[in-house]
Amino acid sequence: MSAQEIVFENVSKFYGDVLGVNRIELRIPPGLTSIVGPNGAGKSTLMNLMCGLIHPDRGEIRVLGISPRDPERLMRMTGYATQFDAAPRWATGFDFVVSSLLLFGYSSSLAERLAWAALEQAGLTDAARRKVNSYSKGMRQRVRLAQALAHDPQVLVLDEPLNGLDPVVRAETIALFRQLAASGRHVILSSHVLQEVDVISDRVVLMANGMIVAEGDIRGVREEIHEHPSQFLIRCRQPARLAALLFERAPVAEARVIEEDGALLVLTRDRNVFTRTLTALAASGLDIESVVPADENVHALYEYLVGGSA
Amino acid sequence: MAVYKRGYQRYEGPRAPHAERLLVLPREAWRRLTAQRIVTALLALSCIWPLLCALFIYIANHAELWAGLDRGFSRLLAIDETFILTFMKVQSVFSVLLAALAGPGLISPDLGNQGLALYFSRPISRLEYVLAKMAALVWLLSLVTWLPGLVLFVMQASMAEAGWALAHWRLGAGLVLGFWLWVALVALVALASSAWVRWRLIAGAVVLGFFFVLPGIGVLVNAIFRVAWGSLINPLQAAYGVWCALLGAEMPAGLSLLTGLVSLALMGTLLSLALERKLRPVEVVR
Amino acid sequence: MTARFRLRQALVIARLEMKRVFLARRSLWIYALAMLPAVLFLGHAIQLRYELREARQGGVVAPAVIETVETGMSEQQVLDVAGKPGQDRERTIRRSSRREEQGKEIFETREVRTRRMIYFDGSRRAYLWFEDGRLQSKDVRTLLNFAEDQEVYAGVFQYFYLRLAIFFGCLGIFLNLFRGEMMDKTLHFWLLAPARREVLLAGKFLAGWTAASVVFSAGALVAFAAMLWPHIGAGAEAYWQGAGAGHAARYALAAVMGCAGYGSLFLAASLWIRNPIVPAAVLLLWEASSGFLPELLQKFSVLYYLQSMCPVPAPLEQDVPALLRLILAPAAPLSPTLALLGLCAFSALVLWGAAAGVRRIEINYSTD
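Protein chains in written order, with my numbering: chain A, -11 to 298; chain B, 6 to 291; chain C, 67 to 434.
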């Protein structure tokens, strides 16, 4: 097994008679990976399994070569911001982060320094001395993030980390995730809001009913779905004329002019031929402002794969 | 547009009578109680002693089985107030254990899930809510207390010579009445702890604590101050005193029917007040 | 990771947990339970001091004088023998009586002159009750009886502290360590620490044990001091310089070891069983009946070891209810050192079983 990847091999977990996840085969390389699926899809179960909060009934998990049954080694390089909202009653935001750092064996002064740095990263310095119980939902989210980040882990697991954050903090947090992923770390986050992960993820893992329905980078996943034509939204001055030309020269299944936007939505079964034809048309002088793939987003993929909106 | 303008109409069809609607609560509570395997197991376990007592009654009423034995043995086989008291003492322990297991789940989930506001927004008063919940527990406790006791009494009456039942009516009446008081107290303790303690496990421990720690405190007071009034806070001794008086048995030292009743009434009042204070249709935001 | 590092981790966990155990609102009843005997002994001590001061103010007679006075004596005879009483009160009451005369019941009411004299001989109080000038009853009560107070304390410690307060206190404290966190949905905080589950168990046990030991041994010692207080100047100093300090230490040690024994059992139960109330009730009955069990089985009860550590055997009360008397059967004794070692071994064995439980524990907040 790779010491650089998070590996799930035929992993199943049941809660009594209820299915948690079933026969998961997954390898997660460094970078930003999003686990997407509706509520009850098995995202949190997958993350809890990864961090040893629950144990699989079948199969094996390795996080960079370490078993989740060995928390002493695993949690040294892993930070997990869970979805559980509760914090110990006694804890202020600062205590919450410091106390977890003390368990790493850091001295008090170093733990305090690291805690302040993490709280600053999470934008929570002002409220650090307040009890976590008095925090708003967004602040609790941030303090959990600070705790997960504080020991500078190689693997960062974040369960619905953007829930409850206001737009400014949200943008800052996303930037932070990107920065961490760019530095070679594993950043794994879950979400049921498809649009949000669509923009930030290097790769997605789509889950439904405890199983992985697709994984990979979004475009790669899209290309493997042959039964659904690819969609392109083209902005141009003469959409009707363009539609006619495309029907003549490319394998177009459907074209729809959107009058109010001055755009054309085209469905094609052969992306390569279609893009070559479009390039040729543009070169011949047809005024094309922009071409955007309309279904290379997680929402569309999800619709195709699972048949319902997440 | 308001909902009612979109064609909403109040339900005007037939409705079940009020009393029948109230039965929904105990029925649901009973379903939840019996869904716990441990409660069923303990219920089965608590039938062993009544069965042994029934065997005892059978033997006591069949002289041919012990004809060769001496007179002392025949005295031992008497079905009298001592026999009934022994039966009551053992079954009362089982009733406490059952209440500790089954009782905490009656009210605490409603409180924990902010369900009281939902209940009380229906035509159900607080008293009706408590009585409905209590009914399920009382029925459960009755199965191990006065019901098997009454069966034993009827069994003895049918096996003994004619006129036994009439001559010993006090045993039957005392057993039923004594157990009614006991069951009411145990049910109140279980409901009060269920209402005050959010965590079911600890609520169960509180029920056990009430019946084991309070007697300990009573004995403690008596021993340290060399007095007898410490027994007033001992629910076991108070109930035992009342049972003795009802059955016509010898009273324990330093206790009378009145003090026993006053002690039980005081405990009942305090527990009812505790319930009343906690069961309010308000939402607690944590 | 070195053993030293793991020990440090366990201590950090214990320190963090102790804050929660000591300061939690849900621990208040444990303080109350632990301090109740101390408060009662203190109340008794204050009452005794008040009674003694009052008795001494009335004068002290020789102990032999109280023995001399007998029922049937006249008031004057008693006054001649014992002198002026410490307290003297006369009253006339009306008394009804019933007699039968020629098959008829006749009720009569007559006036009775009563007088109550109280004499004090320095430690005992004699209550003399006269009716129509004749001594009807003599009730002698010892106000200061050190031996009796020591026996009462032994009873309180063994029956109340060991069997009830420490039992239920540990039930509350040790169930809270894992099951309580599961209910509060905060256990994941600990399970996500870079520490072995066994280290977590050790740290939490240490926190619970320390808290329970401090609370209950302090309660027992304060109660012991309150028991001694009225006897200062009447034998308490000599006792303290002799066996007293050792007795206090043994009581404190028994409390500490009681917390270890019951604590380890409840901790293990909370890890293995979802509803530990059932094993708690079974344990309560098991411990209660340990005195009736064969020697081999007795060694599997915590009480067996604890009773052997206590310096004074507890009296068996005769007038306690049958249900409680079931709990009061003493177990066969063992030497204190062996008892200490036995209990340590017992607790270690139970904790070893708990370690297997903590390794398999999973976060499952929805069903708890």
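Glycine included, C-beta positions come from ideal geometry on N, C-alpha and C.
Quick one, which of the options has its alpha-carbon nearest residue i's?
i	options	result
C:A289	C:T252, C:F223, C:R86 and C:C410	C:F223
A:S32	A:Q71, A:S272 and A:A238	A:Q71
B:A189	B:S100, B:P19 and B:S236	B:S100
C:F107	C:Q216, C:A128 and C:L94	C:Q216
A:R15	A:M38, A:A282, A:I42 and A:A75	A:M38
A:L41	C:T158, C:T134 and C:R263	C:R263
A:L91	C:I159, C:A80, C:Y97 and C:L417	C:A80
A:L289	A:G25, A:P76, A:A103 and A:A116	A:G25
A:L62	A:Y94, A:V120, A:R229 and A:I(-6)	A:I(-6)
C:G301	C:Q143, C:A213 and C:M375	C:A213
B:L225	B:I238, B:I43 and B:W187	B:I238
A:T113	A:A251, A:Q142 and A:F82	A:F82
Note down the Cα distance separating residue i from residue j, rounded to an integer number of angstroms.
i	j	result
B:E25	B:P31	11 Å
C:V147	C:Y185	12 Å
C:F226	A:T21	60 Å
A:W(-3)	A:S189	The sequence as given places Glu at residue -3 of chain A; Trp does not occur at that position. Straight-line Cα distance between these residues: approximately 23 Å.
C:T403	C:G312	14 Å
C:L333	C:A76	16 Å
C:E197	C:S162	14 Å
C:C236	A:N36	31 Å
A:Q(-8)	A:E48	16 Å
B:F3	A:S88	Nothing about residue 3 of chain B can be reported from this structure: the residues present for chain B run from 6 to 291 only.
B:H173	C:V87	56 Å
C:F412	C:L258	30 Å
C:T175	B:L180	40 Å
C:L201	C:K170	32 Å
B:I84	B:A21	48 Å
C:R425	A:A110	33 Å
C:N341	A:A75	24 Å
B:A46	B:L219	27 Å
Residues of chain C with CB closer than 7 Å to the CB of residue i, please, in chain order.
i	result
A:M63	L258, A259 and P260
Any Cβ of chain A within less than 9 Å of the Cβ of residue i?
i	result
C:K365	no
C:N341	no
C:L75	The sequence shown places Gln at residue 75 of chain C, rather than the Leu named in the question. Judged by the 9 Å Cβ criterion, C:Q75 is in contact with chain A.
C:F71	yes
C:E353	no
Please confirm whether residue i has its beta-carbon closer than 9 Å to some beta-carbon of chain B.
i	result
C:G221	yes
C:T433	Confidence at C:T433 is low in this model, with a pLDDT of 47, below 50, so the placement of that residue should be treated as unreliable; the coordinate-derived value is given next. Answer no: the Cβ-Cβ gap between C:T433 and chain B never drops below 9 Å.
C:L106	yes
C:Y328	no
So residue i contacts chain A; which residues on that side make the cut at Cβ distance below 7 Å?
i	result
C:T276	The premise fails here: C:T276 is roughly 16 Å from chain A at the closest Cβ pair, so nothing lies under 7 Å.
C:L82	S87
What does residue i reach in chain C if we use C-beta pairs closer than 9 Å?
i	result
A:D68	According to the sequence shown, residue 68 of chain A is Tyr rather than Asp. Under the 9 Å cutoff, chain C gives H254 and L258.
Along chain A, in chain order, which residues have C-beta atoms closer than 8 Å to that of residue i?
i	result
C:K270	Those do not exist, as C:K270 stays about 13 Å from chain A at its closest Cβ, beyond 8 Å.
C:R263	P59
C:I79	L91
C:L89	W78
For a cutoff of 9 Å on Cβ pairs, would you count residue i as touching chain C?
i	result
A:Q(-8)	no
A:D73	yes
A:P149	no
A:P18	no
A:P26	no
A:P76	yes
B:V226	yes
B:L196	no
Name, please, each residue of chain B whose Cβ falls closer than 7 Å to the Cβ of residue i.
i	result
C:R245	L206
When you check each C-beta in the segment 34 to 54 of chain A against every C-beta of chain C, which residues fall closer than 9 Å?
Taking 9 Å as the Cβ-Cβ cut-off against chain C, the residues of the segment 34 to 54 of chain A that qualify are N36, C39, G40, L41, I42 and H43.
If you measure beta-carbon to beta-carbon, which residues of the segment -5 to 16 of chain A are closer than 8 Å to chain E?
In the structure shown, chain E cannot be found, because the protein chains are A, B and C.
Selection of the segment 80 to 113 of chain A by Cβ proximity to chain C, strictly under 7 Å:
Within the segment 80 to 113 of chain A, S87, S88, L90, L91, F92 and G93 place their CB atoms closer than 7 Å to a CB of chain C, listed in sequence order.
Using a Cβ cut-off of 9 Å, which residues of the segment 222 to 243 of chain C contact any Cβ in chain B, in chain order?
Within the segment 222 to 243 of chain C, the residues whose Cβ lies closer than 9 Å to some Cβ of chain B are V222, Y225, F226, R229, L230, A231, F233, F234, L237, G238, L241 and N242, listed in chain order.
Under 8 Å, CB to CB, which of the residues in the segment 91 to 118 of chain B have a partner in chain C?
Taking 8 Å as the Cβ-Cβ cut-off against chain C, the residues of the segment 91 to 118 of chain B that qualify are K94, S97, V98, L102, A105 and L106.
Give me the subset of the segment 109 to 122 of chain C whose CB atoms are less than 8 Å from a CB atom of chain B, sorted by chain position.
Along the segment 109 to 122 of chain C, going in chain order, the ones with a CB nearer than 8 Å to a CB of chain B are G109, H110 and Q113.
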